[in-house]
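Enquirer: Chains as they are written, first to last, in my numbering: chain A, 5 to 108; chain B, -11 to 226.
1. Distance, Cα to Cα, residue 205 of chain B vs residue 93 of chain B?
2. Inspect the beta-carbon positions of residue 133 of chain B and residue 57 of chain B and report whether they are closer than 8 Å.
3. Which value, in whole angstroms, describes the spacing of the CA atoms of residue 33 of chain B and residue 135 of chain B?
4. Does residue 17 of chain A get closer than 8 Å to chain B when you measure Cβ to Cβ?
5. Look at residue 154 of chain B and residue 141 of chain B and say whether their C-beta atoms are less than 8 Å apart.
6. Any C-beta of chain A sitting closer than 8 Å to the C-beta of residue 134 of chain B?
7. Any beta-carbon of chain A closer than 8 Å to the one on residue 213 of chain B?
8. Using the C-alpha atoms, what's the distance from residue 71 of chain B back to residue 102 of chain B?
9. Report the three-state DSSP secondary structure of residue 218 of chain B (helix, strand or coil).
10. What did DSSP end up calling residue 39 of chain B once you bin it into helix, strand or coil?
11. Tell me the DSSP secondary structure of residue 114 of chain B in three-state form.
12. Can the beta-carbon of residue 46 of chain A be found less than 8 Å from the beta-carbon of residue 77 of chain B?
13. Tell me whether residue 24 of chain A is buried or exposed, calling it buried when 16 or more other Cβ atoms sit within 10 Å of its Cβ.
14. When you compare the CB of residue 75 of chain A with every CB in chain B, is at least one pair closer than 8 Å?
15. Please go through the same chain and pick out, in chain order, the residues whose beta-carbon is closer than 6 Å to the beta-carbon of residue 105 of chain B, but skip the five residues on each side of it.
16. Any C-beta of chain A sitting closer than 8 Å to the C-beta of residue 33 of chain B?
17. Considering only their Cβ atoms, is the gap separating residue 157 of chain B from residue 63 of chain A smaller than 8 Å?
18. Using three-state DSSP, classify residue 2 of chain B as helix, strand or coil.
19. Out of B/39, B/137 and B/69, point me to the one whose CA is closest to residue 29 of chain B's CA.
20. Please decide whether residue 23 of chain B counts as near chain A, where near means a Cβ-Cβ distance under 8 Å.
21. Three-state secondary structure (DSSP) at residue 154 of chain B?
22. For residue 159 of chain B, is the beta carbon positioned less than 7 Å from some heavy atom of the ligand ATP?
23. Would residue 97 of chain A and residue 73 of chain A qualify as a contact pair, given that the criterion is a beta-carbon distance under 8 Å?
24. Return the CA-CA distance between residue 5 of chain A and residue 53 of chain B, expressed in angstroms with no decimal places.
25. Let me see if you follow: with CB-CB separation under 8 Å, is residue 226 of chain B close to chain A or not?
26. Could you give the distance in angstroms between the alpha-carbon of residue 192 of chain B and the alpha-carbon of residue 3 of chain B?
27. Quick check on residue 57 of chain A: does DSSP put it in helix, strand or coil?
28. Alpha carbon to alpha carbon, how far is residue 97 of chain B from residue 126 of chain B? Give it in angstroms, no decimals.
29. So is residue 59 of chain B buried or exposed if we call it buried at 16+ other beta carbons inside 10 Å?
Below, the structure is given as structure tokens:
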């Protein structure tokens, strides 16, 4: 720990606020630059993918349970399940995998 | 006009409740990460209410755990929240042209993936009273979920905590996988990002996780934007 939690919270709140509010108040015209538009389109998927793997494997506490959660999450999302059902099923699958592994 | 606003508020609360219930569960899992970073339930509530962004907050709590520089934390939160720039730009087309500045600021503050989703789905112009009532209800449940996760995360047995801590990744998967199915470029990028992220995490280096995320995100997205630019409708240019 090298920083103050309140400074982190303030910094994050200001950045989150600016990112959300600036386009609605300043940019009233459509972004015309195709590279910039494409870049903004791809960023969310890339950054979420990077943050998901391999972190999900480590978070599950056991590599096998983590792999199961990853597979369950990908399959259910592929089939069109919503955010909440996918999140809950990932949790249940880790819990079940841990339970089964303990039996072995 | 009075009953009109009342109707907007009622519908906002009606649509905000199921969103808030989902938020509570995911935020609980986020609270476990926040606890590892040393946050108190009140700090968790405040940071969650102010940020109300799963990926951005996850980044924030990880940065606090790592003791990252403030500028590095600010940059990573900006990158993880950059989709709100896009949503804000799209949302500006759904607001009445005469929508006052203060109301635009409030609506902007309330943008989340789900609030954006229900707002875009409204017929005609979307009203601040509708968006704000949905947002306030949902975000209070989100913030309470984080506070509960911090307070109760250590009461639960370890196996339950590790099971709950994957909820946030499940939510991330539910955001990135459906577009990967529809758009092959996105699917390939997700796969590439998985591999690069894994590779980077195995590399012995002094670079922090947050910086790796920023560098990889900007590099992969810029490359994709050069090779596969999108046309007006967001479809692929041929």
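Heads up, the beta-carbon is just placed ideally off N, CA and C, and yes, glycines get one too.
Expert: According to the data block:
1. 28 Å
2. no
3. 5 Å
4. yes
5. no
6. no
7. yes
8. 13 Å
9. strand
10. helix
11. coil
12. no
13. buried
14. no
15. none
16. no
17. yes
18. helix
19. B/137
20. no
21. coil
22. The ligand ATP is not among the ligands present in this structure, which contains no ligands whatsoever.
23. yes
24. Low per-residue confidence applies at residue 5 of chain A: pLDDT is 47, beneath 50, and the placement is therefore not dependable, though the value from the model is reported in the following sentence. So the alpha carbons of these two residues sit roughly 7 Å apart.
25. Because the pLDDT at residue 226 of chain B is just 35, under 50, the model does not fix this residue reliably, and the point stays unresolved.
26. 47 Å
27. coil
28. 13 Å
29. exposed
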